[in-house]
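Q: Protein chains in written order, with my numbering: chain A, 1 to 483; chain B, 1 to 483.
Yeah, the Cβ is synthetic: ideal placement off N, Cα and C, and Gly gets one too.
Model, not experiment: these values are computed from the prediction.
First the structure, which I've put down as structure tokens, then a few questions once you've had a look.
There are 2 protein chains.
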Amino acid sequence: MTGDPARGPSTLLTGGVRAVNIGLAGFAEPIRTHGGACAQVEWRPPAEGDRALGLLLARLEDDPDDPFGAQVARANAEAVRRIVEGRPVAVDVRTAVEAIPGMGARTLLHAGPPITWERMCGPMRGAAIGAMLLEGWAATPAEAEALADRGAVEFAPCHEHATVGPMAGIVSPSMPVIVVENQAFGNRAFSNLNEGIGKMLRYGAYDEAVLERLRWFAATLGPALGRTLRASPVDLRDLTARALQMGDECHNRNVAGTSILIRTIAPALVRAAPDDAAAALEFMRGNDHFYLNFSMAACKATLDAAHGIDGSTVVTAMARNGVEFGIRVGGTGGAWFTAPAGVPDGLYFPGYGAQDANPDIGDSAITETCGIGGFAMAAAPAIVRFIGGTPADAIAYTRAMYRITLTRSQAYGIPSLGFAGTPTAIDVRRVVESGVVPIIDTGIAHRLPGMGQIGAGITAAPYGCFTAALRALGRRLGLEEAA
Amino acid sequence: MTGDPARGPSTLLTGGVRAVNIGLAGFAEPIRTHGGACAQVEWRPPAEGDRALGLLLARLEDDPDDPFGAQVARANAEAVRRIVEGRPVAVDVRTAVEAIPGMGARTLLHAGPPITWERMCGPMRGAAIGAMLLEGWAATPAEAEALADRGAVEFAPCHEHATVGPMAGIVSPSMPVIVVENQAFGNRAFSNLNEGIGKMLRYGAYDEAVLERLRWFAATLGPALGRTLRASPVDLRDLTARALQMGDECHNRNVAGTSILIRTIAPALVRAAPDDAAAALEFMRGNDHFYLNFSMAACKATLDAAHGIDGSTVVTAMARNGVEFGIRVGGTGGAWFTAPAGVPDGLYFPGYGAQDANPDIGDSAITETCGIGGFAMAAAPAIVRFIGGTPADAIAYTRAMYRITLTRSQAYGIPSLGFAGTPTAIDVRRVVESGVVPIIDTGIAHRLPGMGQIGAGITAAPYGCFTAALRALGRRLGLEEAA
Chain A
1 MTGDPARGPS TLLTGGVRAV NIGLAGFAEP IRTHGGACAQ VEWRPPAEGD
51 RALGLLLARL EDDPDDPFGA QVARANAEAV RRIVEGRPVA VDVRTAVEAI
101 PGMGARTLLH AGPPITWERM CGPMRGAAIG AMLLEGWAAT PAEAEALADR
151 GAVEFAPCHE HATVGPMAGI VSPSMPVIVV ENQAFGNRAF SNLNEGIGKM
201 LRYGAYDEAV LERLRWFAAT LGPALGRTLR ASPVDLRDLT ARALQMGDEC
251 HNRNVAGTSI LIRTIAPALV RAAPDDAAAA LEFMRGNDHF YLNFSMAACK
301 ATLDAAHGID GSTVVTAMAR NGVEFGIRVG GTGGAWFTAP AGVPDGLYFP
351 GYGAQDANPD IGDSAITETC GIGGFAMAAA PAIVRFIGGT PADAIAYTRA
401 MYRITLTRSQ AYGIPSLGFA GTPTAIDVRR VVESGVVPII DTGIAHRLPG
451 MGQIGAGITA APYGCFTAAL RALGRRLGLE EAA
Chain B
1 MTGDPARGPS TLLTGGVRAV NIGLAGFAEP IRTHGGACAQ VEWRPPAEGD
51 RALGLLLARL EDDPDDPFGA QVARANAEAV RRIVEGRPVA VDVRTAVEAI
101 PGMGARTLLH AGPPITWERM CGPMRGAAIG AMLLEGWAAT PAEAEALADR
151 GAVEFAPCHE HATVGPMAGI VSPSMPVIVV ENQAFGNRAF SNLNEGIGKM
201 LRYGAYDEAV LERLRWFAAT LGPALGRTLR ASPVDLRDLT ARALQMGDEC
251 HNRNVAGTSI LIRTIAPALV RAAPDDAAAA LEFMRGNDHF YLNFSMAACK
301 ATLDAAHGID GSTVVTAMAR NGVEFGIRVG GTGGAWFTAP AGVPDGLYFP
351 GYGAQDANPD IGDSAITETC GIGGFAMAAA PAIVRFIGGT PADAIAYTRA
401 MYRITLTRSQ AYGIPSLGFA GTPTAIDVRR VVESGVVPII DTGIAHRLPG
451 MGQIGAGITA APYGCFTAAL RALGRRLGLE EAA
């Protein structure tokens with residue numbers, strides 16, 4: 001009746017073709033060529049076309065009359081309850097060695113599933129070298145490499161120490177870490193402080209500017225934030241919910257989260273650290289990603305409380321070390337199910353391209369695991385300017401993720417979807433059955449040490465992680481894969 | 001291909017009926033009854049069905065071969081250029097009497113077109129009483145009323161002093177005002193500081209808590225912000241653009257704008273006013289509308305530069321005094337074209353309803369005049385929780401406004417419309433011709449003095465203002481209304 005179709009800025013609103021292409025990417029091209037919007041979702045045939053896996057899947061379906069089906073249903077209901085009721089609150093910033101249980105004086109934590117120094121990718125090696133220089137364990141990059149070569153550094157996954165770190169995820173003992181307490185269940189999780197975008201330690205850079213910033217974190221920013229949060233804890237569930245109303249998905253876009261965080265803590269920061277407040281506020285003002293690490297630690301604290309429930313098929317971690325992608329599942333204990341990490345599909349900074357990109361890296365996929373990040377992309381249409389695609393793609397990605405999740409968040413509503421809750425609690429069964437894999441939006445690191453960030457884009461969790469997890473769960477429940 | 005229609009949270013996304021009803025509201029009901037989304041846009045028959053007005057409209061259409069048509073086209077092109085190129089920057093906070101040209105020691109500025117004390121509505125009288133108490137001109141409300149009754153106070157419209165004030169818009173000499181400089185054209189505009197939501201002076205409340213807050217503004221907050229902005233001016237075009245990416249429309253929703261403003265000025269504030277910074281940051285943190293008055297002053301500075309161009313049919317102000325709605329047009333000098341103000345249609349705070357509401361009031365419609373506010377509602381889907389309606393309505397309102405505007409903002413993109421610019425530069429001709437009138441989202445004041453805000457909603461500019469303006473423009477150009 002009104003509105004002018006000829007002016008229509010978006011096919012979403014003018015009734016043009018909107019499609020989601022699942023599987024072979026080639027089918028999307030004709031649609032795009034003719035002006036339609038088409039989001040690409042990774043897909044493979046259900047259960048890999050594997051009869052044994054298909055039968056296992058059938059045995060694990062919710063079924064009150066079947067002992068296995070009933071156990072899985074109960075376990076998942078409990079996992080969902082714990083995720084939905086999680087109440088992550090930022091309560092402190094402390095050095096890693098003080099705060100993180102099991103963190104030794106010669107430990108370096110890293111992103112993703114376990115990996116040895118020898119197998120680490122360029123950016124992770126670069127970040128580890130930088131951390132060794134920062135800690136004073138080595139005076140030069142060559143000395144640092146020699147130290148690691150002779151096994152004098154203990155490497156361990158962040159995730160196995162209730163910690164998450166973006167990209168390389170290197171956390172060394174003296175680094176200040178955000179302490180997030182899940183006030184519903186009593187557990188704590190940790191993350192380092194975000195350095196900003198570009199040439200940074202977490203992307204494998206370790207020049208003097210990088211180290212100088214980290215020294216200032218340890219000497220000034222960390223202690224100031226610690227005093228602030230001890231005096232005035234910040235409810236991160238509430239903060240993330242507000243950021244999702246303001247165009248963030250709280251993984252690759254944190255403009256609103258960072259702004260709200262600054263606004264929230266500024267008065268207490270001025271009181272707690274009057275001499276350092278201006279510099280701390282200035283640093284945070286200049287870093288639109290400052291909230292990312294708070295968001296990640298909040299997700300980790302939430303999901304750790306839902307881990308370790310026998311029979312649960314809910315994914316409790318997705319993480320990448322730059323070589324392998326790994327997942328952990330609620331009902332399979334500490335096991336990691338891994339597959340080779342892919343290279344994200346995205347937009348590169350000027351002068352760089354896919355040939356420079358390291359495979360997918362970082363613990364930041366904890367956000368998607370918790371139902372935000374890529375899963376909440378419909379809340380963040382402006383993110384497509386950073387990672388590629390259109391606002392219609394962003395909505396399509398979120399909608400696709402409803403197929404593989406067990407619930408919708410009560411806390412996290414998406415305005416453009418009529419305030420529907422974000423797709424939450426990834427179910428391994430649904431991934432294996434549908435062939436739709438979790439999507440993740442992420443930064444892209446240069447593949448060489450010492451370089452830094454070169455872009456941002458979209459990636460997908462490898463399907464093989466989920467089939468392996470399902471098989472392990474079957475074995476753990478005493479189910480043989482039927483013939 | 002994917003997505004589950006049965007789960008679809010919004011008719012916008014599931015292919016259900018989406019309609020915009022123009023004119024008689026009754027036609028929208030059957031659509032809504034059957035689950036469709038329907039936004040209501042005010043409408044009347046073109047040119048009121050008036051033949052003379054229709055012929056005048058035809059003479060004023062853009063036409064290079066017609067002297068009148070060519071002049072209008074040239075004038076509007078210049079007006080659009082000045083609006084688009086406007087560069088409002090917050091440079092200072094000073095007392096009104098220091099900053100505002102023509103502000104006398106016994107002047108009270110008020111919202112909307114000119115009005116005498118005798119004809120003022122309840123909330124405006126209440127605010128004026130509060131300002132007289134604040135200034136020390138009277139010791140009691142009765143003394144204040146007596147003072148005004150005997151003509152000892154000079155009332156003048158904010159708009160005639162390059163100033164805008166939300167709701168009652170009362171600005172008294174000692175109040176601190178934001179100074180916005182349009183750095184593209186050199187003019188300045190002013191607004192007072194936002195008090196917060198609820199029982200506030202601008203809604204007609206004047207109890208001791210209201211006055212105490214205003215004294216703190218004058219003694220502490222205003223001077224602290226003045227020192228801050230003099231040291232570090234803030235580009236408001238850039239800030240508004242970012243807020244529109246974050247779910248604000250910068251009239252009735254200012255959560256993002258307030259957060260970004262705090263983030264932007266916090267370091268300079270700590271340096272400029274170390275002793276008052278914590279209290280100032282705490283006040284701003286608690287007031288999600290703090291950015292509104294910055295947004296309004298920025299729009300006023302932008303539009304004033306586009307005023308006073310002979311032949312221009314572009315609206316340069318829309319404002320309400322609680323009794324009348326008035327507009328000013330670029331080509332008709334200082335004249336106001338007025339019509340009775342309507343009561344907004346919206347959501348009320350608990351315990352209040354339409355019977356308690358004052359007619360539409362405030363200068364805040366300067367935001368819609370500048371292409372944001374209600375015109376940018378598609379950028380702020382979450383606002384419907386505050387003013388009523390659905391996110392689909394928000395998009396429909398913005399789309400309808402493209403019909404009556406001359407351009408799309410280069411600076412202000414709307415993510416949900418594929419980053420299309422907001423509808424900017426209202427053309428009196430298009431309003432008269434189409435019968436579509438500008439929509440405004442606004443707060444609702446109690447009709448009695450001393451009460452305060454009782455809700456928020458949607459209202460529309462009266463059609464009669466635009467026909468009157470068009471006729472005046474015709475007379476000014478020497479065009480007789482043809483028979």
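(1) Output the residue ranges of the beta strand (DSSP E) runs that lie fully inside the segment 285 to 367 of chain B and measure 3 residues or longer, sorted by chain position.
(2) Where are the alpha helix (DSSP H) runs, 4 residues long or more, that stay fully inside the segment 249 to 274 of chain B, in chain order?
(3) Looking at the structure shown, is B/Tyr206 part of a helix, part of a strand, or coil, going by DSSP?
(4) Which residues bound the alpha helix (DSSP H) around B/Asn76?
(5) Determine, for B/Pro415, whether the minimum Cβ-Cβ distance to residues of chain A falls below 7 Å.
(6) So the alpha helix (DSSP H) B/Asp149 belongs to, where does it begin and stop?
(7) Checking contacts by CB at 7 Å: is A/Met246 closer than that to chain B?
(8) Would the segment 208 to 216 of chain A and the segment 227 to 243 of chain A be scored as touching if the rule is three or more Cβ pairs under 8 Å?
(9) Would the beta-carbon of A/Ile372 fall within 7 Å of that of A/Thr422?
(10) Is the Cβ-Cβ distance between A/Ala152 and A/Gly330 less than 7 Å?
(11) Identify whether B/Gly169 lies in helix, strand or coil by the three-state DSSP scheme.
(12) Quick one: Cα of A/Ile366 to Cα of B/Leu292, how far?
(13) Which class does A/Gly15 belong to by DSSP, given the choice of helix, strand or coil?
(14) What is the DSSP secondary structure of B/Gly474, reduced to helix, strand or coil?
(15) Please give me, in chain order, every unbroken run of the beta strand (DSSP E) with length at least 3 that falls completely inside the segment 367 to 427 of chain B.
(16) Taking just the CA atoms, how far does A/Asn194 sit from B/Glu154?
(17) What first and last residue would you give for the alpha helix (DSSP H) that runs through A/Leu53?
(18) Quick one: is B/Ile260 near chain A, going by C-beta distance under 7 Å?
(19) By Cβ distance below 8 Å, which residues in the same chain neighbour A/Asp427 in space, the five residues on each side in sequence not counted?
(20) For A/Tyr463 and chain B, any beta-carbon pair shorter than 7 Å?
(21) Quick check on DSSP: helix, strand or coil for A/Ala468?
(22) Can you tell me the Cα-Cα spacing of B/Asp248 and A/Ala52, whole angstroms?
(23) Quick check: the segment 269 to 277 of chain B against the segment 27 to 39 of chain B, are there 3 or more CB pairs under 8 Å?
(24) Taking C-beta pairs closer than 7 Å, name the residues in chain A that B/Leu281 reaches, listed in chain order.
(25) Take A/Val126 as the anchor and find which of A/Ala138, A/Glu145, A/Leu56, A/Gln71 has the nearest alpha-carbon.
(26) Any idea what DSSP makes of A/Cys121, helix, strand or coil?
(27) Measure the C-alpha to C-alpha separation of B/Met246 and A/Cys250 and round it to an integer number of angstroms.
(28) Just checking my contact of B/Ala472 with B/Phe337 at CB under 8 Å: how many whole Å lie between their CB atoms?
(29) Give a yes or no on contact between the segment 321 to 329 of chain A and the segment 113 to 130 of chain A, applying the rule of three or more CB pairs nearer than 8 Å.
(30) Taking 7 Å as the CB-CB limit, is B/Pro114 close to chain A?
(31) Are the segment 190 to 204 of chain B and the segment 158 to 165 of chain B touching by the rule of at least three beta carbon pairs closer than 8 Å?
(32) Under 7 Å between C-beta atoms, does A/Gly418 make it to chain B?
(33) Do A/Gly389 and A/Asp441 count as a contact pair if the criterion is CB distance below 7 Å?
(34) Would you call the segment 449 to 457 of chain B in contact with the segment 341 to 353 of chain B, where contact means no fewer than 3 C-beta pairs closer than 8 Å?
(35) Pull up the distance between the alpha-carbon of A/Ala339 and that of A/Gly112, whole angstroms please.
(36) When you compare only the Cα positions, how much space is there between B/Gly308 and B/Thr332?
A: Walking through what the data contain:
(1) Listed in chain order, the complete beta strand (DSSP E) runs (minimum 3 residues) inside the segment 285 to 367 of chain B are 315 to 321, 324 to 329, 337 to 340, 345 to 348.
(2) Note on the segment 249 to 274 of chain B: whole alpha helix (DSSP H) runs with a minimum of 4 residues are 255 to 272, in chain order.
(3) DSSP places B/Tyr206 in coil when its eight states are reduced to three.
(4) Segment 67 to 85, the alpha helix (DSSP H) holding B/Asn76.
(5) True, the Cβ-Cβ gap to chain A drops below 7 Å.
(6) Note, B/Asp149: alpha helix (DSSP H), 141 to 149.
(7) Under the Cβ distance rule, A/Met246 counts among the residues neighbouring chain B, one pair being separated by less than 7 Å.
(8) Counting C-beta pairs with one atom in each stretch, the segment 208 to 216 of chain A and the segment 227 to 243 of chain A have fewer than three that are closer than 8 Å, which means they do not touch.
(9) Remark: C-beta atoms of A/Ile372 and A/Thr422 approach each other more closely than 7 Å.
(10) Not closer than 7 Å, so no.
(11) It is coil, neither helix nor strand.
(12) Going from the Cα of A/Ile366 to the Cα of B/Leu292 covers about 36 Å.
(13) Annotation note: pLDDT 41 at A/Gly15 (below 50); position unreliable, coordinate value reported separately. In the structure shown, A/Gly15 sits in coil (DSSP, three-state: anything other than H, G, I, E or B).
(14) B/Gly474 falls in the helix class under three-state DSSP.
(15) The segment 367 to 427 of chain B is shown to contain whole beta strand (DSSP E) runs of 3 or more residues at 405 to 414, 420 to 426, in chain order.
(16) The alpha-carbon separation between B/Glu154 and A/Asn194 amounts to approximately 56 Å.
(17) It spans 51 to 59 - the alpha helix (DSSP H) in which A/Leu53 sits, taken as one unbroken run.
(18) Yes, its Cβ sits closer than 7 Å to a Cβ of chain A.
(19) Closer than 8 Å at the Cβ level, and outside the excluded window around A/Asp427, lie Asn76, Thr313, Val314, Val315, Ile404, Thr405, Leu406.
(20) Not closer than 7 Å to any Cβ of chain B, the Cβ of A/Tyr463 fails to qualify, so no.
(21) Helix.
(22) Distance between the alpha carbons of B/Asp248 and A/Ala52 is about 53 Å.
(23) Contact between the segment 269 to 277 of chain B and the segment 27 to 39 of chain B is absent, because fewer than three Cβ pairs lie under 8 Å.
(24) Simply Ala266, Pro267, Val270.
(25) In the sequence as displayed, the identity of residue 126 of chain A is Gly instead of Val. Answer by Cα proximity: A/Glu145.
(26) Correct three-state label for A/Cys121: coil.
(27) Taking the straight line from one Cα to the other gives about 13 Å.
(28) Between B/Phe337 and B/Ala472 the Cβ distance is about 7 Å, and since that is below 8 Å, they are a contact.
(29) Yes, since at least three Cβ pairs between the segment 321 to 329 of chain A and the segment 113 to 130 of chain A fall closer than 8 Å, the two stretches touch.
(30) Closer than 7 Å: no.
(31) Segments in contact, yes.
(32) At least one C-beta of chain B is nearer than 7 Å to the C-beta of A/Gly418.
(33) No, these two residues do not count as a Cβ contact at 7 Å.
(34) These segments touch.
(35) Approximately 12 Å, taken between the alpha carbons.
(36) Using only the alpha carbons, I get a separation of about 7 Å.
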